[in-house]
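Just so you know, we're using my numbering here: the sequence shown kicks off at 148 and counts up by one. Following: one structure in structure tokens, then a few remarks.
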Amino acid sequence: QIGDNPIIVIRGAEGQIHAFHNVCRHRGSRLCVLDKGKVAKLVCPYHQWTYELDGRLLFAGSEMGEGFDLKDYSLKPVNCKSAGGFIFISLADNPPAIDEFLSTLAHYMEPYDMENTKVAVQSVMHEKANWKLVMENNRECYHCNGSHPELLNTLLEWDDVTDPRASQAFKDQVAECTTRWDKDNIPYAHASFGLRNRIVRMPLLKGTVSMTLDGKPGCNKLMGRITDPDLGSMRILHLPHSWNHCMGDHMINFTVWPVSAQETIVITKWLVHKDAVEGVDYDVARLRQVWDATNDQDRRLGEENQRGINSTAYQPGPYSKTYEFGVINFLDWYSERMLNNLGDTPAQLRQVEG
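What follows is the structure in structure tokens.
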């Protein structure tokens, strides 16, 4: 669901991924009412209009009158592309060009063989805060020391050796890790695509290999072609609403979905190798322990942030270019998108320096 637009994402009989508006071409009823499933055909529950998985209308009864042509009533398509196990859709008539990003993403995701993974567990969290506050909170770790003890058992605050806060020990660790990753053909170089997309692989805290409470693998069966669990965390950012952590043993995907001006849903999915057996190779409670705690801590931070912003006394303060560069990047991207799509700048809209 994107705003008020329900969307179907489906794999056709030929393996091609399609996306359509989840709206029957007859009277507008939703075709799919469940979050996921398997069907041979798409059948409207209202009047049984039936569609092929590629969107073509196959059946509309025999009472539609002369001149009615099934070919004129295929499902309305949605722009859809995929790479590296991710599916990207756009409702725009002219979607942004992302082919370069998709090519790089496919290369970076190759070691994980995402076609042979499964969702071990997922959580759905409701947060009483605007979606932009949720994203801003994710884009910095300035708050981590005071809020995320579980996460900091493994996560290093910085993700670049050029960060002025980076210690020599961290730089030495990066050099040692990248030497090993080169031998295993594991991509790690920073890749950015404008303000919207970013991929970076950085080590976890020395002596840890996964985002679990003790830093040991959360799943004994490693992903894809990976043989060394010590791959750090490959972080994938896709604005406006997704971030990811990919490790040798499992991957975590986060998506942010606005519900209203002050309510957001955060969906977290933990993925493992498709042949990993629950209770044998991984324990769900242990797998999700760190990010369940971190998500709830962030929820409370976001909700308190929203309550404060609602005050008539609130006036935005300055950002730290050292600690909050990710927030600045997000706000620059958001402002750019708003200004590019508003046309003539409304009288009440003004750009603020800084």
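Ideal Cβ placement from N, Cα and C applies to all residues, glycine included.
Query raised in the report: For Met485, is the classification buried or exposed, using 16 other Cβ atoms within 10 angstroms of its Cβ as the cut-off for buried?
Result: Here residue 485 refers to the residue found at position 338 when the sequence shown is read from its first residue. Exposed: under 16 other Cβ atoms inside 10 Å.
Query raised in the report: Along the chain, where does the beta strand (DSSP E) that runs through Lys228 open and close?
Result: What you label residue 228 is simply residue 81 of the sequence shown in a count that begins at 1. Start and end: 226-230.
**Report entry** Neighbourhood of Ala494 by C-beta distance below 7 angstroms, restricted to the same chain and skipping five residues each side
**Finding:** Translated into positions along the sequence shown, residue 494 becomes position 347. The pLDDT assigned to Ala494 is 49, lower than 50, so where the model puts this residue is not dependable; a value taken from the coordinates is nonetheless given after this. Result list for Ala494: empty, nothing under 7 angstroms.
Report task. For the stretch 300-315 and the stretch 442-460, state whether three or more C-beta atom pairs, one from each stretch, are separated by less than 8 angstroms. Result -> no
Query raised in the report: Expressed to the nearest angstrom, what Euclidean distance is found between the alpha-carbon atoms of Ser482 and His388?
Result: Position 335 of the sequence shown, counted from the start, is the residue given in the question as residue 482. Position 241 of the sequence shown, counted from the start, is the residue given in the question as residue 388. The straight-line gap from Cα to Cα measures roughly 15 angstroms.
Query raised in the report: What did DSSP end up calling Tyr193 once you bin it into helix, strand or coil?
Result: For this step, residue 193 is matched to residue 46 along the sequence shown. Tyr193 falls in the coil class under three-state DSSP.
Query - Rounded Cβ spacing between Ile236 and Ile155 (contact assumed at less than 8 angstroms) - result: Locating residue 236 in the sequence shown gives position 89, counting from the first residue. Locating residue 155 in the sequence shown gives position 8, counting from the first residue. That belief does not hold up - the Cβ atoms of Ile236 and Ile155 are roughly 10 angstroms apart, past 8 angstroms.
Query raised in the report: Does the Cβ of Tyr461 have 16 or more other Cβ atoms within 10 Å, making it buried, or fewer, making it exposed?
Result: For the purposes of this step, residue 461 is taken as residue 314 along the sequence shown, with counting starting at 1. Under this definition Tyr461 is an exposed residue.
Query raised in the report: Is the Cβ-Cβ distance between Arg372 and Pro463 less than 7 angstroms?
Result: Mapped onto the sequence shown, residue 372 falls at position 225. Mapped onto the sequence shown, residue 463 falls at position 316. Taking 7 angstroms as the Cβ cut-off, Arg372 and Pro463 do not qualify as a contacting pair.
Query raised in the report: So what does Cys137 bridge to, in DSSP terms?
Result: The question about residue 137 has no answer here: the residues shown for the chain are numbered 148 through 501.
Requested in this report: With DSSP collapsed to three states, give me the class of Thr374.
Outcome: Along the sequence shown, one-based indexing puts residue 374 at 227. Here Thr374 sits in coil by DSSP.
Query raised in the report: How should Met394 be labelled, buried or exposed, when 16 other C-beta atoms within 10 angstroms of its C-beta is the threshold for buried?
Result: The sequence position of residue 394 within the sequence shown is 247, counting from 1. Looking at its Cβ environment, which holds 16 or more other Cβ atoms inside 10 Å, Met394 is buried.
Report task. Please name the residue or residues paired with Ala338 in a DSSP beta bridge. Result -> Within the sequence shown, residue 338 is the residue found at index 191, counting from 1. Ala338 is bridged to Ile346.
Query raised in the report: Quick one: Cα of Ala336 to Cα of Glu297, how far?
Result: Residue mapping note: residue 336 aligns to position 189 of the sequence shown, counting from 1. Residue mapping note: residue 297 aligns to position 150 of the sequence shown, counting from 1. Spanning the two alpha carbons is a distance of roughly 27 angstroms.
Query raised in the report: Using a threshold of 6 angstroms, is the CB atom of Val180 nearer than that to any non-hydrogen atom of the ligand NAP?
Result: As for the ligand NAP, it is missing from this structure, which has no ligand bound.
Query raised in the report: Start and end of the alpha helix (DSSP H) containing Val321?
Result: For the purposes of this step, residue 321 is taken as the residue at position 174 of the sequence shown. From DSSP, the alpha helix (DSSP H) with Val321 extends over 315-330.
Query - Cβ neighbours of Gly501 in the same chain (closer than 6 angstroms, five flanking residues each side left out) - result: Sequence index remark: in the sequence shown, residue 501 carries index 354 (1-based). Low local confidence applies: a pLDDT of 48 at Gly501 is under 50, so the model's placement there is unreliable, with the coordinate-based value given in what follows. Same-chain partners within the cutoff: there are none.
Query raised in the report: Taking the Cβ atom as the reference point for each residue, do Leu222 and Ile157 lie within a distance shorter than 7 angstroms?
Result: For the purposes of this step, residue 222 is taken as residue 75 along the sequence shown, with counting starting at 1. For the purposes of this step, residue 157 is taken as residue 10 along the sequence shown, with counting starting at 1. No, the pair does not count as a contact, with Cβ atoms beyond the cut-off.
Query - Lys265 versus Glu425 - alpha carbon distance - result: As a working note, residue 265 is residue 118 in the sequence shown. As a working note, residue 425 is residue 278 in the sequence shown. Straight-line Cα distance between these residues: approximately 11 angstroms.
Requested in this report: Confirm, please, whether the CB-CB distance from Gly365 to Leu418 is below 7 angstroms.
Outcome: The residue labelled residue 418 in the question sits at position 271 within the sequence shown. The residue labelled residue 365 in the question sits at position 218 within the sequence shown. Taking a C-beta distance under 7 angstroms as the contact criterion, Leu418 and Gly365 do not qualify as a contact pair.
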